[in-house]
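K.L.:
Could you have a look at this structure, given as structure tokens, before my questions?
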Amino acid sequence: MSTAATLPSRTSPGIQAVRGAFWFIAALTVLAALAWMFSNVQRVPPDSQAVVMRFGKFVRVQGAGLLIAWPRPFETVALLPGPARVLEQRIASLDRDPRARALDPAPNAPPTDTNLPFNDMSSWGFHPDAAMGTNGSRLSDALAGSGYVLTGDDAVVQLGARLYYRVSSPYDYVLQQALLAPAIERLTASAVAEVGAARDLDTILVARPELLASDVQMAARRERLRDDIAGAIERRLHALEAQHAGLGIEVSRIDVQASVPAAAVDAFNSVLSSLQSAERTVADARTAAETTRQDAQQHADQILQSAQASATERVTRAQTETQTILQLEAPLGANSDQGLLARAYRDRIQQILSKAGHVTTIDPYDTSSLVLPGKAP
């Protein structure tokens, strides 16, 4: 038997199967290599941007369009929101904890002690029993006071916030992306607490409508509440950037919804009803006082008119009675008629003496006669 006959033929089915498998694996390897080489070649959407990092080092920022980068692990590509895209996050840390909300008294529940002063916390719905857990253990202060913001006038208010922001530094945003949500929660909550402590209750929400007319600055400060909170958040973001720990975001705006605690709504409504009743009573008293004043003014006008008429009449009568003397004043002052005074005396003395019952005349130049008053007959 020859040697060639003992060796398998190169065209045997086994060799062909091995050769086919080899070329198939080689083709798969080439395709996998090509896919790996072009794995970071991708399209960046119009509202997004890409950060390219080479072995963890920041390389460049790619805007919308076709991105060509080295494959992993040489370069890493992270898709981020574009600078014009506004992101939103609701601040859940400002909400009332469900465990504490379940223990809050009902809004319409009557107070347990009506002799409590108004500034007692239980009159606002914060009864000491509300801080007790379901198993009888006392809740922590943080849990019992969750969802409440202390104001500058020692009142409490609930503030719901929703923050809208943009990406300002893509590299910082990539580095802090895992911690971004809790960081925004803490920054916003601290900013809300700071701004709330610097204001009184009426500059946050309309708690006492009767003060709107007396202080026109309250409405303006209430409108600036969102801007003040946004400014406080921006200051905290700048402080983090100064410490090289920036979040890579900037505040676009913040929506704030203020409300009083549910248990205190009835107390505010009662106070408002009392104030409205007091205003009505004051208005009625002012009306009665105005009526009394008008009646008194009318009576005073009548007295004044009567006095003026009586005075005019007396002045006219006095002028009439003194008319003769006034007529004698000018001639006597000018000494134009020396016998005028004697004639006037003779004209008037007869009228005067005619009214007397008995008249005794004495010569003024005769000193021998003397008249003494005697007893009336």
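Residue numbers (my numbering): 71 to 447. Using N, Cα and C, we set each Cβ at its ideal position, and we do this for glycine too. What you are looking at is a predicted structure, and each value in this text was computed from that prediction instead of being measured.
Would you decide whether LEU249 is buried or exposed? Buried here means 16 or more other CB atoms lie within 10 Å of its CB.
P.N.:
Burial call: exposed.
K.L.:
Measure the CB-CB distance between VAL276 and ILE299 and report whether it falls below 9 Å.
P.N.:
Not in contact: VAL276 and ILE299 (Cβ atoms no closer than 9 Å).
K.L.:
What's the call for ALA214, buried or exposed, on a 16-neighbour Cβ count within 10 Å?
P.N.:
buried
K.L.:
To which residues does DSSP link PHE128 through a beta bridge?
P.N.:
MET123
K.L.:
The beta strand (DSSP E) that contains PRO151, what's its start and end?
P.N.:
145 to 151
K.L.:
Using a Cβ distance threshold of 8 Å, determine whether the stretch 320 to 336 contacts the stretch 221 to 231, with at least three qualifying pairs required.
P.N.:
yes
K.L.:
For ILE523, does the three-state DSSP call read helix, strand or coil?
P.N.:
Any answer about residue 523 is impossible in this case: the structure gives the chain only from 71 up to 447.
K.L.:
Confirm, please, whether the CB-CB distance from ILE85 to VAL111 is below 9 Å.
P.N.:
no
K.L.:
Excluding five sequence neighbours on each side, which residues of the same chain lie with their C-beta closer than 7 Å to the C-beta of LEU271?
P.N.:
Correct list, in chain order: THR221, ASP223, ALA225, VAL227 and ALA277.
K.L.:
When the Cα atoms are used, what is the spatial distance from ALA162 to ALA358?
P.N.:
55 Å
K.L.:
Can you tell me whether SER340 is helix, strand or coil according to DSSP?
P.N.:
Residue state, collapsed to three classes: helix.
K.L.:
Using three-state DSSP, classify GLY215 as helix, strand or coil.
P.N.:
coil
K.L.:
Just reading off the alpha helix (DSSP H) that GLN449 is part of, what are its end residues?
P.N.:
Shown here, the chain extends from 71 to 447; a query on residue 449 therefore has no answer.
K.L.:
Look at the Cβ atom of LEU295, then the Cβ atom of THR273, and state whether they are nearer than 9 Å.
P.N.:
yes
K.L.:
Using three-state DSSP, classify ALA328 as helix, strand or coil.
P.N.:
DSSP places ALA328 in strand when its eight states are reduced to three.
K.L.:
Look up MET191 in the DSSP assignment and say whether it is helix, strand or coil.
P.N.:
Any reading at MET191 needs caution, since the residue's pLDDT is 42, under 50, leaving its predicted position unreliable; the model's value is listed next. Three-state result, MET191: helix.
K.L.:
Where do the N-terminal and C-terminal ends of the beta strand (DSSP E) with ALA334 fall, by residue?
P.N.:
Neither: ALA334 is in no beta strand (DSSP E) and is coded neither H nor E.
K.L.:
Would THR146 be called buried (16 or more neighbouring beta carbons within 10 Å of its own) or exposed?
P.N.:
buried
K.L.:
How would you call TYR235, buried or exposed, if buried means at least 16 neighbouring beta carbons within 10 angstroms?
P.N.:
buried
K.L.:
The alpha helix (DSSP H) with TYR243 in it runs from where to where?
P.N.:
240 to 246
K.L.:
In angstroms, rounded to a whole number, what distance separates the CA positions of ALA103 and TRP93?
P.N.:
Rounded to whole angstroms, ALA103 to TRP93 spans 15 Å at the Cα level.
K.L.:
Please confirm whether GLN246 and ALA315 have their CB atoms less than 9 Å apart.
P.N.:
yes
K.L.:
Output the distance between the C-alpha atoms of ARG142 and MET123, rounded to the nearest integer angstrom.
P.N.:
10 Å
K.L.:
Indicate whether ALA302 and GLU255 have their beta-carbon atoms separated by less than 9 Å.
P.N.:
no
K.L.:
In the structure shown, what three-state DSSP assignment does ILE138 receive?
P.N.:
coil
K.L.:
State buried or exposed for ARG171, treating a residue as buried only when at least 16 other CB atoms are found within 10 Å of its CB.
P.N.:
exposed
K.L.:
Thinking just about the alpha-carbon of each residue, which of SER238, THR351, LEU398 and VAL330 is nearest to the one in ARG413?
P.N.:
LEU398
K.L.:
By alpha-carbon positions, which one of ARG291, ARG305 and LEU157 ends up nearest to TYR243?
P.N.:
LEU157
K.L.:
Counting only C-beta atoms, is THR362 closer than 9 Å to chain C at any point?
P.N.:
Checking the listed chains, one finds no chain C in this structure; it contains a single protein chain.
K.L.:
Kindly indicate which residue of ILE319, PRO153, ARG363 and THR431 has the alpha-carbon position closest to the one of GLN159.
P.N.:
ILE319
K.L.:
Using the beta-carbon count (16 or more within 10 Å), is GLN287 buried or exposed?
P.N.:
exposed
K.L.:
Can the beta-carbon of SER59 be found closer than 9 Å to that of ASP167?
P.N.:
The displayed coordinates of the chain run from 71 to 447. Any statement about residue 59 would go beyond what the structure contains.
K.L.:
Go ahead and pull the three-state DSSP assignment for GLN228.
P.N.:
Strand, per DSSP.
K.L.:
Report yes if the CB atom of LEU136 is closer than 9 Å to the CB atom of PRO115, and no otherwise.
P.N.:
Not closer than 9 Å, so no.
K.L.:
What do you get for VAL219, buried or exposed, if any count of 16 or more other CB atoms within 10 angstroms of its CB means buried?
P.N.:
VAL219 is buried by the Cβ-count criterion.
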